[in-house]
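Participant: Structure incoming, see below.
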Amino acid sequence: MENITQIADVMSFTVIAAGLLIGLGALGTAIGFALLGGKFLEGSARQPELTGMLQTKMFIVAGLLDAIPIIGVAIALLLIFANPFIGQLGG
Amino acid sequence: MAEHGGPATMTDYIKHHLHHLELPVGEGRFWVLHLDSIFFKLLCAAIFLYAFLRVARRATPGVPGKFQCFIEMIVEFVDTSVKETFHGRSKLIAPLAITIFCLTFLMNFLDMIPVDWLPAAAGAMGVPYLRAVPTADLNTTLAMSLMVFLLIQYFGVKHKGIGTFVGEMFTAPFHAPGVVGKILLAPANLLLRLIEEAVRPISLALRLFGNMYAGELIFVLIACMTLGATLSSGLTYVMAPLQFVAGFVWTAFHILIITLQAFIFMMLTIVYLSMAAEHH
Numbered sequence: 001m002e003n004i005t006q007i008a009d010v011m012s013f014t015v016i017a018a019g020l021l022i023g024l025g026a027l028g029t030a031i032g033f034a035l036l037g038g039k040f041l042e043g044s045a046r047q048p049e050l051t052g053m054l055q056t057k058m059f060i061v062a063g064l065l066d067a068i069p070i071i072g073v074a075i076a077l078l079l080i081f082a083n084p085f086i087g088q089l090g091g
Numbered sequence: 092m093a094e095h096g097g098p099a100t101m102t103d104y105i106k107h108h109l110h111h112l113e114l115p116v117g118e119g120r121f122w123v124l125h126l127d128s129i130f131f132k133l134l135c136a137a138i139f140l141y142a143f144l145r146v147a148r149r150a151t152p153g154v155p156g157k158f159q160c161f162i163e164m165i166v167e168f169v170d171t172s173v174k175e176t177f178h179g180r181s182k183l184i185a186p187l188a189i190t191i192f193c194l195t196f197l198m199n200f201l202d203m204i205p206v207d208w209l210p211a212a213a214g215a216m217g218v219p220y221l222r223a224v225p226t227a228d229l230n231t232t233l234a235m236s237l238m239v240f241l242l243i244q245y246f247g248v249k250h251k252g253i254g255t256f257v258g259e260m261f262t263a264p265f266h267a268p269g270v271v272g273k274i275l276l277a278p279a280n281l282l283l284r285l286i287e288e289a290v291r292p293i294s295l296a297l298r299l300f301g302n303m304y305a306g307e308l309i310f311v312l313i314a315c316m317t318l319g320a321t322l323s324s325g326l327t328y329v330m331a332p333l334q335f336v337a338g339f340v341w342t343a344f345h346i347l348i349i350t351l352q353a354f355i356f357m358m359l360t361i362v363y364l365s366m367a368a369e370h371h
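For the protein sequence lines, the chains are W and C, in the order given. When we follow this note's numbering, the leftmost residue of the first sequence carries the number 1, and every step to the right adds one. When we follow this note's numbering, the leftmost residue of the second sequence carries the number 92, and every step to the right adds one.
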């Protein structure tokens with residue numbers, strides 16, 4: 001275990017990276033979802049007969065929206081629990 | 092979970108769950124077939140075809156059974172989505188849309204099966220690794236999106252003619268009145284078009300893959316909460332109910348995600364194809 005400081009370095013940077021991946025992704029999505037939901041409510045309050053159509057379209061955009069952060073979350077979880085870089089150090 | 096004789100530590104357990112059943116067919120890491128993805132995709136396709144063929148053969152105009160009602164609901168739902176978006180006439184889009192929707196949903200639905208059941212069952216039969224969800228494999232989603240990409244090009248050529256199709260590559264989205272302006276804008280137009288076309292299959296594939304991969308990984312992490320637990324340790328009695336609650340909440344949320352992602356894959360396919368068929 002002569003490279004234990006290197007492993008500790010990799011671990012600490014990995015945790016920071018995972019935090020940034022999840023946190024910044026969540027920040028962007030939160031703003032996006034707030035805008036999306038707000039506009040949807042506004043639109044359906046102005047024209048209630050269009051609510052059904054707007055809801056379908058809102059779900060499409062919602063699905064587009066949560067794809068990017070979920071990819072970030074997947075990478076972050078992979079980095080935390082099955083870190084590929086520590087394996088490269090041979091630790 | 093660990094009583095199947097599986098790996099003991101958490102990292103090994105996760106790595107074991109993220110390992111495909113591989114069959115090397117050539118040199119290097121690139122020429123590897125993921126047998127589990129192929130098997131489960133074919134299985135899903137068989138289930139889908141069997142269910143729909145059975146209902147179509149036995150369809151009755153009288154009082155339909157519950158299963159026929161269910162299939163009719165799906166068909167009508169996809170039909171309205173296609174009609175709302177695609178205004179031309181095509182015999183291909185609606186069947187393609189319903190195939191993509193049902194097949195993607197069925198493949199995603201394998202995520203709902205508890206994470207240890209299928210690998211443990213395969214392990215008992217002597218198969219070392221198994222990943223059940225084909226859509227959590229980038230190869231599957233990329234294959235699907237590449238087929239959609241080829242269909243987009245085919246649709247563009249078929250509906251506009253090869254001359255307009257190639258011409259549009261150089262004249263849209265920026266238009267110029269004179270000949271000199273057209274020639275000047277042609278490289279920028281071509282570049283934008285190439286980027287636009289290349290981004291579509293990649294984003295389509297990565298979106299589905301990312302969602303399913305994250306979902307699977309979170310299920311594995313929930314399974315890790317009682318990994319190697321014993322009845323004599325006090326922590327087990329705290330973690331076991333917690334694991335149940337977490338698993339329940341994530342499953343309920345994930346049902347929404349798998350349906351939504353199947354729907355989005357279908358919807359974007361329709362949108363891309365109708366964009367390809369329309370003139371600029």
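The C-beta atom is built at its ideal place from N, Cα and C for all residues, glycine as well. Since the model is a prediction, treat every value here as computed from it, not as a measurement.
Can you check DSSP and say which residues form a bridge with residue 125(C)?
Facilitator: For residue 125(C), which the question treats as bridged, DSSP gives the partners 113(C).
Participant: Among the candidates 247(C), 315(C), 135(C), whose CA atom is the shortest distance from the CA of residue 362(C)?
Facilitator: When each option's Cα is compared against that of residue 362(C), the closest is 247(C).
Participant: Using 8 Å as the Cβ pair cut-off and three pairs as the minimum, do the segment 200-219 of chain C and the segment 266-285 of chain C touch?
Facilitator: No, they do not touch.
Participant: Just the C-alpha distance for residue 65(W) and residue 322(C), rounded to the nearest angstrom, thanks.
Facilitator: Computed Cα separation, rounded: 43 Å.
Participant: Would you check if the segment 21-29 of chain W and the segment 63-80 of chain W touch, i.e. whether three or more CB-CB distances between them fall below 8 Å?
Facilitator: Taking 8 Å as the limit for Cβ pairs, the verdict is that the segment 21-29 of chain W does touch the segment 63-80 of chain W.
Participant: In its own chain, which residues sit with a C-beta less than 8 Å from the C-beta of residue 190(C), not counting the 5 before and 5 after it?
Facilitator: Cβ within range, chain order: 139.
Participant: At what residues does the alpha helix (DSSP H) containing residue 266(C) begin and finish?
Facilitator: Unbroken run through residue 266(C): none, as it is neither H nor E.
Participant: Kindly give me the distance between the Cβ atoms of residue 334(C) and residue 313(C), rounded to whole angstroms, as I take these residues to be in contact under 8 Å.
Facilitator: That belief holds up - the Cβ atoms of residue 334(C) and residue 313(C) are roughly 6 Å apart, short of 8 Å.
Participant: Using a Cβ-Cβ distance cut-off of 7 Å, determine whether residue 134(C) contacts chain W.
Facilitator: No, because no Cβ of chain W sits closer than 7 Å to the Cβ of residue 134(C).
Participant: Below 8 Å on the Cβ atoms is my contact criterion, and I expect residue 364(C) with residue 243(C) to pass it. Report the Cβ-Cβ distance as a whole number of Å.
Facilitator: Confirmed, about 6 Å.
Participant: Out of 338(C), 188(C), 194(C), 306(C), point me to the one whose CA is closest to residue 108(C)'s CA.
Facilitator: Closest by alpha carbon: 306(C).
Participant: Counting pairs of beta carbons, one from the segment 261-279 of chain C and one from the segment 40-54 of chain W, are three or more of them closer than 8 Å?
Facilitator: Result no; under three Cβ-Cβ pairs closer than 8 Å.
Participant: Run through DSSP, which three-state label would residue 42(W) get?
Facilitator: Of the three classes helix, strand and coil, the one that applies to residue 42(W) here is helix, per DSSP.
Participant: Do you know how far the Cα of residue 101(C) is from the Cα of residue 17(W)?
Facilitator: Approximately 21 Å between the Cα atoms of the pair.
Participant: Give a yes or no on whether the minimum CB-CB distance between residue 23(W) and chain C is below 7 Å.
Facilitator: No, residue 23(W) does not count as interfacial toward chain C.
Participant: DSSP three-state label for residue 304(C), please.
Facilitator: Residue state, collapsed to three classes: helix.
Participant: Please give the ranges of any alpha helix (DSSP H) in the segment 132-156 of chain C, keeping only runs that are unbroken, at least 4 residues long and fully inside the region.
Facilitator: The qualifying runs do not exist here; there are none.
Participant: Closer than 7 Å, Cβ to Cβ, to anything on chain W: give me those residues from the segment 103-134 of chain C, in chain order.
Facilitator: Within the segment 103-134 of chain C, the residues whose Cβ lies closer than 7 Å to some Cβ of chain W are 105, 106, 109, listed in chain order.
Participant: Using a Cβ-Cβ cut-off of 8 Å (strictly less than) and excluding sequence neighbours within five positions of residue 260(C), which residues of its own chain qualify?
Facilitator: Once the five neighbours on either side are set aside, the close Cβ partners of residue 260(C) are 280, 281, 284.
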